[in-house]
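S.K.: Right, I'll just put the structure down here and ask away after.
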Amino acid sequence: MKVVRKVVMLTDNDPEAIKTAKMASDELAKYGVNSNTIQVGDMFNFQRIFFTARRISRNDGNPEWINITAGPGIAIAALITAFNDSNLIYFKENDPGRGVIVINIKEVIPGFKKITELLPVIDYALKKKSFEFDELASQFKPVSKATLSRRLSLLRRAGFIESIGAGRGRKRKRYFVTDLGEYISATELL
């Protein structure tokens, strides 16, 4: 029998969820179990939950078990993929019926394995507030411009950076970090 020494609970910002986590934390304390509640904001935000879980894994190791009581499917997917490189299998109930869904994680989120390599770009953008491609290229020499362009594209698809402007003529394209990019940078995955 395993002894549980620490419990980490992820909640959204719903007052009822926060209240439930507090009650669970108080109950666990009676038995000498440390607990930590982390508010991830939106339980439908895959990236935020994924990177929060990765930070927990880095700091505390992989959990012995994960209990999902009544969470949205996206939260389940993010938690499982954060601790696992294999396929994700979960039960889904929808209007036409029920079924078991198998998702090959490597097809769904191929970029997440590379995101930690790209965090220096996000950190650079946070320091500059916004930047043009040529500024980034001069900062990250000897990385080729083609490689940097692919990295920016991946970060944009993942929702970590956005751009404004056409990139031609007087309207030079400028890049800036999104709220999600700031959050990912703050998780200190490097």
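With the sequence shown counted from 1, adding 671 to any position gets you my numbering.
Idealized CB from N, CA, C, for every residue including glycine.
Since we're looking at a predicted model, the values are computed, not measured.
1) Starting from Lys816, trace the beta strand (DSSP E) in both directions and tell me its first and last residue.
2) Using three-state DSSP, classify Gly873 as helix, strand or coil.
3) Could you tell me the boundaries of the beta strand (DSSP E) in which Phe872 lies?
4) List the endpoints of the continuous beta strand (DSSP E) containing Ser834.
5) For Arg828, count neighbouring Cβ atoms within 10 angstroms of its own Cβ and tell me buried if that reaches 16, exposed if not.
6) What distance in whole Å lies between the Cβ atoms of Phe811 and Leu819, which are believed to be in contact at a cut-off of 8 angstroms?
7) Give a yes or no on whether the C-beta atoms belonging to Gln710 and Thr691 are separated by under 7 angstroms.
8) Go to Lys812, then tell me how far its alpha helix (DSSP H) extends in each direction, as first and last residue.
9) With DSSP as the reference, label Asp731 as helix, strand or coil.
10) Can you tell me the Cβ-Cβ gap for Tyr846 and Ala796, rounded? I've got them flagged as a contact below 8 angstroms.
11) Starting from the Cα of Val679, find the closest Cα among Phe715, Pro791, Arg725 and give me that residue.
12) Check whether the Cβ atoms of Arg843 and Glu806 sit closer than 7 angstroms, and answer yes or no.
13) In whole angstroms, what is the alpha-carbon distance linking Gln718 and Glu698?
14) Per the DSSP calculation, Val679 is bridged to which residue(s)?
15) Let me make sure I understand the geometry here. Which of Gly712, Met714, Phe721, Ala695 has the alpha-carbon closest to that of Asn705?
16) Look at the Cβ atom of Leu789, then the Cβ atom of Leu826, and state whether they are nearer than 7 angstroms.
17) Quick one: is Asn716 near chain D, going by C-beta distance under 7 angstroms?
18) Using 8 angstroms for Cβ pairs, my map puts Ala808 next to Lys816. What's the rounded Cβ distance?
19) Would you check if the distance between the CB atom of Asn730 and the CB atom of Gly712 is smaller than 7 angstroms?
M.R.: So, to answer that:
1) Not the beta strand (DSSP E): Lys816 falls in the alpha helix (DSSP H), residues 816-828.
2) With the chain covering 672 to 861 only, the question about residue 873 has no answer from this structure.
3) As displayed, the chain neither begins before 672 nor continues past 861, which places residue 872 out of reach and without an answer.
4) 832-835
5) exposed
6) 6 angstroms
7) no
8) Run containing Lys812: none; DSSP gives neither H nor E here.
9) helix
10) 6 angstroms
11) Arg725
12) no
13) 30 angstroms
14) Asn707
15) Ala695
16) yes
17) The structure shown contains no chain D; it is built from a single protein chain.
18) 5 angstroms
19) no
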